[in-house]
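Numbering (mature numbering (1 follows the signal peptide of the UniProt record, and there is no 0)) for the sequence shown: -27 to -1, 1 to 470. A virtual CB, placed ideally from N, CA and C, is assigned to each residue, including glycine.
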Amino acid sequence: MGHSQKPLPHLILVFLIISTFAVQSGGEEGFISIIISEKGLDFVKDLLINEAVRSLTTLQLPVIERSIRIPLIGSVHVTLSNITISHIDVPSSTIKTGEEGVVMVASNATVNISMDWRYSYATWLIPIEVSDRGSATIWVDGMEVGVSVGMEIQEGTLKLSVKEFGCYLEDISINLEGGASWFYQGFVDAFEGQIRSSVETAITNKISEGTMKLDSFLQNLPKEVQVDDVSALNVTLVNDPLLGDSFIGFEVNGLFTAKDEATYFRSFHTNFQSSIFYDGPSEMLAISLDEAVFNSASTIYFKAGLMHRVVDKVPDQSYLNTARWRYIIPQLYKKYPNDDMKLNISLSSPPIMRITSHDIGATIYSDMTVDVVHGYETVSVACISIVATASGVLEVSGNNLAGQAELDDFSLKLKWSNVGDFHMTLIQSVMRALLKTVVMPFLNLHLKKGFPLPIIHGFTIQNAAIQYSYSKIMVYSNVEYTDSCHDHLKQPLALQA
Ligand SMILES: *[C@@H]1O[C@H](CO)[C@@H](O)[C@H](O)[C@H]1NC(C)=O
Ligand SMILES: *[C@@H]1O[C@H](CO)[C@@H](O)[C@H](O)[C@H]1NC(C)=O
Ligand SMILES: *[C@@H]1O[C@H](CO)[C@@H](O)[C@H](O)[C@H]1NC(C)=O
Ligand SMILES: *[C@@H]1O[C@H](CO)[C@@H](O)[C@H](O)[C@H]1NC(C)=O
Ligand SMILES: *[C@@H]1O[C@H](CO)[C@@H](O)[C@H](O)[C@H]1NC(C)=O
């Protein structure tokens, strides 16, 4: 906890970028934006290359069979089988963003391949069949693989498509174990090209297969993250990705929706002011959350009737008996001597959330009805309206954004009373204590849980820092990939809650 105000290193003009989002796309507004920085893209690239290497290693290439003509010997039937990629090394790779998507290039890669060979022939000189068999190793050096992937948002999800693909093997060397020397030369002449194209085809197929898998993974990402049994966060992607020099930005709707009814808030208006220049982070991700996100949450919980509480226990219980009030509100005591009291506090409208340059604040409008338990009857005797302001700081815990608030100020007004008029100043200090010891802890219990940030399952936020600015919060963080399951791309996915 605490203000995270460490100065962040320079990289991109995050705020400027986020501001141009809604403007350039001219589509729907997204209230949460996610920018993947250069460092984040590198991280994704390494993850994808590891995945590709893993799926290519131990891959078996199809059997190659053909007859070759060898001088003096004649036609020799050769079969290459058990052609297996045993090792791939990718020493250098790059990822770049372009106009339509991203371009990933792996270069200087090497591939080790093992295989078994066998040949047989018969000539008029030696009419019986001669055959031999052995194994071979193949070493591919200087392999370059490049893929350009287009990205667009379709029906709220990210759609990938391979725009261009290239695979080039610079050098291929073959080492036969066993076999006659005539065979060796004939073999290299006849099969080098075929092995080369077989490797190229295998890699091309795997990469397009991998892209399709990744695409369906992205298509299947949920459009909503359940927050609790009341609300969900709408993480539907809106507008096309913003492709910058060395980053990609995504926008999600980002508003809270009621779990059971599709309430869609159109009324929140944001201040997409592009005048704030901000040098972005060296962290992998920058997630910006607009004030509207918090206001939508506030509205959902208000509508669900959760912002409502009857207080019948306070730290000093004597306050909830009319005897305690005999001098301050004499009529109360006269009408209901020594009766227990209950306070029914309910919010009269959704709290209004506001983000300032250093914290997040809320203005809370509530009515407190004072009830007296008189015999078997509960009688409402007065109603006080309370306008309180609270503020707090947020923190990231796991993949959740949580917070804690403190009471700043409040004002009281007597709405009605049937125990006579009484001055609000008389109950000021009791009310302060009540708000601080009963209402705020209750509120903080909910705020502590927070809500999930839109992070894909398997990734965990690391070292997050929060920056406040006018009407927006930025979360800068790195992520760690925690899903060790090899086949994670096949699993049904859920955003991590
Ligand atoms: C295929 O090659 C591997 C390694 O070179 C070897 O262990 C395996 O026995 C071979 N499989 C067959 C069916 O020959
Ligand atoms: C590829 O490797 C060679 C030598 O191993 C090196 O000189 C060259 O700079 C490398 N190229 C890239 C793009 O890494
Ligand atoms: C791959 O082949 C190269 C060249 O033959 C060799 O130096 C290297 O040790 C092999 N690597 C593996 C993992 O087999
Ligand atoms: C979620 O956001 C999308 C895109 O803005 C919108 O079309 C959809 O109606 C929203 N869903 C709900 C339940 O509000
Ligand atoms: C508390 O007050 C609200 C509104 O003033 C009312 O609807 C509700 O019934 C009251 N609850 C109790 C338990 O008195």
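**Request:** Can you give me the Cβ contacts of residue 459 inside the same chain, cut-off strictly under 8 Å, excluding the 5 residues immediately before and after it?
**Result:** Reliability of the predicted coordinates at residue 459 is poor, the pLDDT of 41 falling under 50, and the value obtained from them is presented with this limitation in mind. Answer for residue 459: 27, listed in chain order.
**Prompt:** Is residue 129 near ligand 4, in the sense that its beta carbon is under 7 Å from a heavy atom of that ligand?
**Reply:** yes
**Message:** Going by beta-carbon coordinates alone, are residue 360 and residue 312 separated by less than 8 Å?
**Reply:** no
**Asked** So residue 223 packs on residue 446, CB below 8 Å; how close in whole Å?
**Response** Actually they are not in contact, since the Cβ atoms of residue 223 and residue 446 sit about 17 Å apart, beyond 8 Å.
**Request:** To the nearest angstrom, report how far apart residue 454 and residue 368 are at their CA atoms.
**Result:** 21 Å
**Prompt:** Measuring CB to CB, does residue 228 end up less than 8 Å from residue 207?
**Reply:** yes
**Message:** Can you look up residue 331 in the DSSP assignment and give me helix, strand or coil?
**Reply:** coil
**Asked** Cβ of residue 139 less than 8 Å from any chain E Cβ?
**Response** Among the protein chains of the structure shown there is no chain E, as only one such chain exists.
**Request:** Name the residue from 443, 441, 428 and 444 whose alpha carbon lies nearest to the alpha carbon of residue 451.
**Result:** 428
**Item:** Residue environment, residue 156, which counts as buried when at least 16 other CB atoms sit within 10 Å
**Value:** buried
**Item:** Contact belief for residue 316 with residue 275 at Cβ below 8 Å, rounded distance in angstroms
**Value:** Not really, about 19 Å apart at Cβ, beyond 8 Å.
**Prompt:** Distance, Cα to Cα, residue 114 vs residue 184?
**Reply:** 25 Å
**Residue from 301, 332 and 314 whose Cα sits closest to the Cα of residue 348** = 314
**Prompt:** Using CA coordinates, which residue listed in 142, 105 and 88 is at the minimum distance from residue 152?
**Reply:** 105
**Prompt:** How long is the line joining the alpha carbons of residue 20 and residue 187, rounded to whole angstroms?
**Reply:** 12 Å
**Item:** Three-way DSSP call (helix, strand, coil) for residue 188 in this model
**Value:** helix
**Item:** residue 457 versus residue 24: straight-line alpha-carbon distance, rounded
**Value:** Its pLDDT being 48, under 50, residue 457 is placed unreliably in this model, and the coordinates cannot settle the point.
**Request:** Measure the Cβ-Cβ separation of residue 426 and residue 391 and say whether it is below 8 Å.
**Result:** no
**Request:** With a cut-off of 8 Å on the beta carbons, I'd call residue 129 and residue 196 a contact; round off their distance for me.
**Result:** 5 Å
**Asked** Taking the C-alpha atoms as reference points, what is the distance between residue 399 and residue 290?
**Response** 18 Å
**Item:** Neighbouring residues (CB closer than 5 Å to any heavy atom of ligand 3)
**Value:** 60, 85 and 112
**Spatial neighbours of residue 415 in its chain, beta-carbon cut-off 8 Å, leaving aside the 5 residues before and after** = 282
**Cβ shell of residue 331 (< 6 Å), same chain only, five flanking positions each side left out** = 441
**Asked** Is the closest heavy atom of ligand 4 to the C-beta of residue 1 under 7 Å?
**Response** yes
**Item:** Closest residue to residue 116 among 419, 79 and 70 (Cα-Cα distance)
**Value:** 79
**Request:** Would you kindly report the start and end of the unbroken alpha helix (DSSP H) that includes residue 12?
**Result:** 11 to 29
**Prompt:** Counting by C-beta, which residues lie closer than 5 Å to a heavy atom of ligand 1, in chain order?
**Reply:** 55 and 87
**Request:** Using the Cα positions of residue 403 and residue 333, report the straight-line distance between them to the nearest angstrom.
**Result:** 26 Å
**Asked** DSSP state of residue 143, grouped into three classes?
**Response** strand
**Prompt:** DSSP state of residue 101, grouped into three classes?
**Reply:** coil
**Asked** Closer than 7 Å: is that where the CB of residue 207 sits relative to any heavy atom of ligand 4?
**Response** yes
**Request:** Count the CB pairs spanning the region 252 to 272 and the region 34 to 41 that are closer than 8 Å, and state whether there are at least three.
**Result:** no
**Request:** Ignore the nearest five residues each way along the sequence and tell me which others in residue 87's own chain have a CB closer than 7 Å to its CB.
**Result:** 57, 59, 108 and 110
**Item:** Proximity to residue 288 [Cα-Cα], best of 410, 310, 300 and 169
**Value:** 410
**Request:** Determine the closest residue to residue 305 out of 336, 286, 329 and 352, with distance taken between C-alpha atoms.
**Result:** 352
**Request:** Could you give the DSSP three-state label for residue 286: helix, strand or coil?
**Result:** coil
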